[in-house]
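>
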Amino acid sequence: MASLTINAQPLDIRLPDDTPLLWALRDAANLTGTKYGCGTGECGACTVMVDGQAMPSCTLSLGEAEGRSVTTIEGLSPDRNHPVQQAFAAEQAIQCGFCTPGLVMAAAALLAHNADPAEADITAALPYVCRCGVQPRLVRAVQRAGRILRGQEPPIRLPAPRTATTGGY
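Numbered according to my numbering, the sequence shown spans residues 64 to 232.
(1) Threshold first: 3 residues or longer. Then list the beta strand (DSSP E) segments lying entirely within the region 106 to 175, N to C.
(2) Need the endpoints of the alpha helix (DSSP H) that I211 sits in, please.
(3) Quick one: grab the DSSP three-state call for A183.
(4) Take the Cβ of S66 as the centre, count every other Cβ of all protein chains shown within 10 Å, and call the residue buried at 16 or more, exposed below.
(5) Taking only three categories from DSSP, how would you classify L221?
(6) Would you report the Cα separation of F161 and T134, rounded to the nearest angstrom?
(7) For the beta strand (DSSP E) that contains T68, what are its first and last residues?
(8) Less than 8 Å between C-beta atoms, sequence neighbours within five positions excluded: which residues of the same chain meet that for Y232?
(9) Going by beta carbon distance, what residues of the same chain come within less than 7 Å of P146, once the five residues before and after it are set aside?
(10) Please classify R194 as buried or exposed, where buried requires at least 16 neighbouring CB atoms within 10 angstroms.
(11) Three-state secondary structure (DSSP) at D90?
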């Protein structure tokens, strides 16, 4: 069993210590926004913040996460309106969307420590190669989110997510 804080909530997870954090989040905590991509930490789809640092959850064991604070895409912004999420949508940095939660978490971790990153900082923090080919848009989105966080640009107002009760999918 491991005790950790997930999205600001203390949680005890009863799985073996060698279970990848990714599967603990998805299977035990029912937080399915974090995606499985490669299983080696190379693709970025499973990125979460651990104590404020971007980390691949597929290579971090539950035992290594013991006592730490984990933030998933669900905990970044309950209303899905974090400046990084706003900028990713506005800059059309989302194509298929599979790796988006991990990329958003990596960008949010970068901006939490450096709200005015150079392009080289952004590409170092998001080294993943998206199959959809949106790398230039990712850089623009992170730069725009930084401007929003610094107060140099107003927040982007996005339409509310569609749900089954609002005529969505």
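No residue lacks a Cβ here, since even glycine has one placed at the ideal position from N, Cα and C.
According to the structure data:
(1) 110 to 113, 116 to 119, 132 to 134
(2) 198 to 212
(3) Reduced to three states, the DSSP call for A183 is helix.
(4) exposed
(5) coil
(6) 18 Å
(7) 65 to 69
(8) Residue placement at Y232 is poorly supported in this model, since its pLDDT is 48, which falls under 50; the coordinates still yield a value, given next. Same-chain partners within the cutoff: R225.
(9) A208, I211, L212, P218
(10) exposed
(11) helix
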